[in-house]
Each structure stands twice: as C-alpha cells, then as structure tokens.
Amino acid sequence: MDANGALLRWYRPRRAAYPWRTGAPDPYRTLVSEVMLQQTQAPRVAAALGPFLARFPSIAALAAAPRSDVVRAWGALGYNRRAARLHEAARVTVRYHAGRLPPDPAQLQVLPGVGPYTASAVASIAFGVPVAAVDTNVRRVAARFLFGANPEGVDRTQLREAIDRWLHRREPGTWNQAVMDLGRLVCRPAPRCDVCPLAAGCRFRASSRPRPRARSQPAFRGSWRELRGAIVRLLRSRPSATLSSLAGRTGRALHDVAAAVRALDRDGLVRAGPAALAGRPSGRLRLADEPRSGIVPTGTS
DNA sequence: TTCCCGTTGG
DNA sequence: CCAACTGGAA
C-alpha cells in the first residue's frame, strides 16, 4: 500500500493553489505565511501575503520597520499580536542569527510566535528537514488512517510516533502540506471518503464513527477581543486617538476602553501615554513604533 | 450562529 | 490543564 504515492499524486496539481507554495521555497516567506496561517483560513492569507511581502521584502526589512507599519500591513487578518511577534522574531533573527533563519526546529521554536507546529513547518518546507508539522488536520488524518479513530481516541505520544514513521523523509515539506490539504479539504471532521486518495488503505473508512466534538467557545460580540480589534482597526487609519473618541466610536464604556488599551500596550501593539494608561478621557495613544521592551535574549547564537 | 484550531501565559 | 487572542466564511 503506497499511501504516500497516492497522497503526493493527489497533492501535485493542488500545489500551485497558494502563493506561498510557488517557486523555490524561501525561509522568510515560509515563516510569514505560516504565522499568518495560524488560526486564519488559507484564502484570506493568500490575499494578504503578497502585499505584506512587497512592503517587507526581507527579514531585514521587516526587522528595520516601525511596528506601526507592520500592524498596518497586517491588515484584517486578526490576532494582531501575531504581527507584533513576527516583527520581534525578525529582529531576533537579525540580531542573533545574522538575518538567516536557522533550519533547526528547536532553534526556530525559540522565536516569538513560533511554536512546535510553525517551527516544524518552516524547517520541513523551507529547509527540507524531515520533521512532521503536526496541526489538527494532520492529527485527524493520521488518527483515522493509521488507527481508525478520531484523534481524541488515540494516545498523543503513540499518534506522534506514528506520524513520524509515516512522514515521507525525502519530501517532508511536500508531504506535510499534502496531509494538511487533505485534512482541510477531504478528511474533514465530516469526512468525504468518496474522493479521498487514501481511502483504499484507511482504517477509518466505513467505520463511520460519529464525532463527539463540542468545544463551545465564548461569544465574540461584546468581548474584550472585539474591543481590542476595534481599537487597533481605528488606530490603523489615524496617527493617534483619545480614549474618549475611542469610547465614542466603539460604543463602549470609557473604563473598558482604558482596560483594553492597557492590555494592548502590554502586548506592544499600542503606545499609550500616562494619561491614557490612567484612564483619563483625554489620554492619547497610537500604534506602537517599537516593542514595549527591548529584545530579551534567551539563547546564544 | 457556529466553525476555524496555533501560541502563549496563567 | 485551560483561557485569551480576531475576523471572516460556512
């Protein structure tokens, strides 16, 4: 059963579907796209990546830019802290890795905003390092195909080891992207086994287990997240704003706006003056131009 | 309304 | 372990 052969054949025509897969893999482009893809659907990233890379063509250019430019270029991708962390990751790379992203996943994972998934994705896609980039799509595909169960029903370590064995060691980057595509498009929570290239050897097919999945999530309307997002959005199109104007435009209480502003300041997205931090209506803030505190080295080069 | 589903921090 | 983080698509 050459499952990987069927998988790669299925993937080949799909490869050109997204801009971050075209041409030779570039570590910087891979990092930017993978960070953008954290929690954000591929079609939206596809639209945002080009303009971002045009504005910041290299990791050095990104590192040299003011943070406010980076947050503006981030656009409406959401989770603006990712933009701040990516900016910081670029600065760390310039400072401690001479502007070159390291191929070693363990070193990549030290960068702000780069966790186990993103480190493996960059290492495998940009450098050909044989590591599996395990996101929930990959987990779902592997649990079903190899164990005939949904991922909740499989021991984490066993699943991890099985994925490592399954990984195509000659083409880890292509394999990772193929499995992720398969999980997103075919082996979805409600699987479409009729069009799946792995159906032949799959242990899950026909077992048709109903999936439990509940995972309720907090309401977005009226949340802090919504307020934080609205404040950053308003600041993107103006140099500065007062607490009271923000309260007026968002329709939220002044002390709520002040609390959100303090959190944004802590995250390095916004720079608030003392009056704004104190919650005064006339207090002013703007998008941050610099990280809130300097780079804190945690490793050596 | 619900779903999306990685990283960080508590 | 769990909650916070955003905004759009299904």
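For the first sequence, the numbering used here gives the first residue as 4, with consecutive numbering after it. All residues carry an ideal CB built from backbone N, CA and C; glycine is no exception.
What first and last residue would you give for the alpha helix (DSSP H) that runs through residue i?
i, result
"R159", "R159 to W169"
"V260", "L257 to R269"
"L65", "I62 to A67"
"R88", "R84 to Y99"
"V144", "T139 to F150"
"R75", "R70 to W77"
"R252", "L246 to T253"
"P108", "P108 to L111"
"R228", "W227 to R239"
"S127", "P119 to F130"
What does the Cβ neighbour count give for residue i, buried or exposed, with the cut at 16 atoms within 10 Å?
i, result
"S285", "exposed"
"W227", "exposed"
"S304", "Only weak support is given to the placement of S304: the predicted model assigns it a pLDDT of 33, under 50, and the value that follows is read from those uncertain coordinates. Classification of S304: exposed, given that the 10 Å Cβ count is below 16."
"A19", "exposed"
"Q220", "exposed"
"R307", "Because the chain is modelled from 4 through 304, residue 307 falls outside the range shown and cannot be assessed."
"G271", "buried"
"F223", "exposed"
"V38", "buried"
"H2", "Any property of residue 2 remains undetermined from this structure, which presents the chain solely from 4 to 304."
"A261", "buried"
"A281", "exposed"
"A27", "exposed"
"P30", "buried"
"A256", "exposed"
"A129", "buried"
"A66", "buried"
"P46", "exposed"
"T25", "exposed"
"V198", "exposed"
"A135", "buried"
"T96", "buried"
"R85", "buried"
So which of the options has the shortest CA-CA distance to residue i?
i, options, result
"P22", "S36, W13 and S247", "S36"
"A92", "G176, P105 and R224", "P105"
"A275", "R239, A281, L288 and R269", "L288"
"L114", "A266, A129 and R98", "R98"
"A250", "P242, E293, R283 and A266", "R283"
"A6", "V264, A181, E293 and P194", "A181"
"S123", "S71, G176 and G78", "G176"
"R236", "V273, R265 and A202", "V273"
"V117", "A262, T33, A27 and D268", "T33"
"R70", "L80, G53, R88 and Y82", "R88"
"L267", "V74, R17 and W13", "V74"
"L246", "G232, R269 and A278", "A278"
"N83", "H171, G232 and G102", "G232"
"P108", "P119, G102 and H100", "P119"
"D292", "V95, P133, R239 and Y14", "R239"
"A79", "S248, E229, R195 and Y14", "E229"
"L56", "Q41, N179, R15 and D72", "D72"
"P194", "R143, R17 and A135", "R143"
"A64", "R103, G81 and Q41", "R103"
"T43", "Y14, P133 and W77", "W77"
"P41", "T121, V132 and A101", "The residue asked about is misnamed: residue 41 is Gln in this sequence, not Pro. With distances taken between Cα atoms, Q41 lies closest to T121."
For the beta strand (DSSP E) holding residue i, just list the boundary residues, first then last.
i, result
"L290", "R287 to L290"
"A193", "A193 -> no beta strand (DSSP E), and no H or E assigned at all."
"A275", "V273 to A275"
Runs of 4 residues minimum, wholly inside the region 7 to 49: which ones carry the alpha helix (DSSP H) assignment?
30 to 40
Using 8 Å as the Cβ pair cut-off and three pairs as the minimum, do the region 186 to 193 and the region 138 to 153 touch?
yes
Within the chosen definition, does the region 125 to 143 reach the region 177 to 186 through at least 3 CB pairs nearer than 8 Å?
yes
Hey, is the region 44 to 55 in contact with the region 10 to 18, meaning 3+ C-beta pairs nearer than 8 Å?
no
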